[in-house]
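Enquirer: Sharing a structure here in structure tokens format.
Numbering (my numbering), first residue to last: 99 to 337.
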């Protein structure tokens, strides 16, 4: 991602509808799929502004990594153990109960290699929680400025994880209810050739409240309900 984007995440992720609800979904998935494990060792890959890593400290020992020095510094400012590294280069076999990679794989030249390393990083029985952007019909300016290399279908993501010997615990599209609005907005931006460095700039308190309310409905439904499509895709996989 562009360097300026990390400061925008740091400034906005606490209250922004996307980041705040996404964090709540992660907490819900940890409680569901790792309920018996105490003092978890968690690796947060692509830590961004570091707020999720900070919140995860209540579960045990947290390490976060990011390729961006800016992201690492923001995470350290929140009191998190952060290191500058990529998911492909980071090596600590069988070291973690949980690896979290939110919107990371789409940045990797070789996402299959990244997934294989996630497998190696997990303890036996460990869990990977992964979010990625979904479906090429939602490709837009935000993908370009974020340096995304791809968006995924449910089948593509599942095949890549199963090839690395993971077992699927849950897999679903999400950001379903807001997807028509996202689609129209991105196509309009493309048609009008609007230069937009970040979709965070499209937010205001009213939009944020409404989107948080709508997206919050999905948080209640996940992972019981599998949505047929959505702007994003989440997967939980077990080693």
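Glycine residues also receive a C-beta, built at the ideal position from the N, C-alpha and C atoms. Bear in mind that the values here come from a model prediction, so they are computed numbers and not experimental data.
Enumerate in chain order the residues of its own chain whose CB-to-CB distance from residue 317 is below 6 Å, with the five nearest sequence positions on each side excluded.
Expert: 119, 122, 123
Enquirer: Would you call the region 102-116 in contact with the region 305-312, where contact means no fewer than 3 C-beta pairs closer than 8 Å?
Expert: yes
Enquirer: State the Cα-Cα distance for the pair residue 193 and residue 242, rounded to the nearest angstrom.
Expert: 34 Å
Enquirer: Counting pairs of Cβ atoms below 8 Å between the region 219-235 and the region 188-206, do you hit three or more?
Expert: yes
Enquirer: Mind checking whether residue 182 and residue 160 have CB atoms under 9 Å apart?
Expert: no
Enquirer: Where does residue 283 fall in DSSP's three states?
Expert: The DSSP-derived three-state label of residue 283 is helix.
Enquirer: Quick one, which of 212, 145, 314 has its alpha-carbon nearest residue 126's?
Expert: 314
Enquirer: From which residue to which residue does the beta strand (DSSP E) around residue 268 run?
Expert: Looking at the DSSP string, the run of the beta strand (DSSP E) that includes residue 268 is 265-272.
Enquirer: Flag this pair as yes or no: are the beta carbons of residue 199 and residue 216 separated by less than 9 Å?
Expert: yes
Enquirer: Evaluate residue 235 with the Cβ neighbour count: other Cβ atoms within 10 Å of its Cβ, from every protein chain shown; 16 or more gives buried, anything less gives exposed.
Expert: exposed
Enquirer: Using beta-carbon positions only, say whether residue 158 and residue 139 come within less than 9 Å of one another.
Expert: yes
Enquirer: Have a look at residue 277 and residue 329 and give me their C-alpha separation to the nearest angstrom.
Expert: C-alpha separation (whole angstroms): 6 Å.
Enquirer: Looking only at its own chain, which residues have a Cβ that is under 6 Å from the Cβ of residue 179, when we skip the five neighbours before and after it?
Expert: 161
Enquirer: By Cβ distance, which residues of its chain are closer than 7 Å to residue 184, with the 5 residues on each side in sequence left out?
Expert: 165
Enquirer: Going by beta-carbon coordinates alone, are residue 270 and residue 332 separated by less than 9 Å?
Expert: yes
Enquirer: If we call anything under 9 Å between Cβ atoms a contact, is residue 265 one with residue 310?
Expert: no
Enquirer: Using the beta-carbon count (16 or more within 10 Å), is residue 105 buried or exposed?
Expert: exposed
Enquirer: Taking the alpha-carbon positions, what's the residue 107 to residue 259 distance?
Expert: 28 Å
Enquirer: Take residue 150 and list the residues in its own chain whose beta-carbon comes closer than 7 Å to its own, dropping the five residues that flank it on each side.
Expert: 121, 124, 142
Enquirer: Taking the alpha-carbon positions, what's the residue 147 to residue 319 distance?
Expert: 27 Å
Enquirer: Quick one: residues in its chain with C-beta nearer than 7 Å to the C-beta of residue 153, no 5 flanking neighbours on either side, listed in chain order?
Expert: 121
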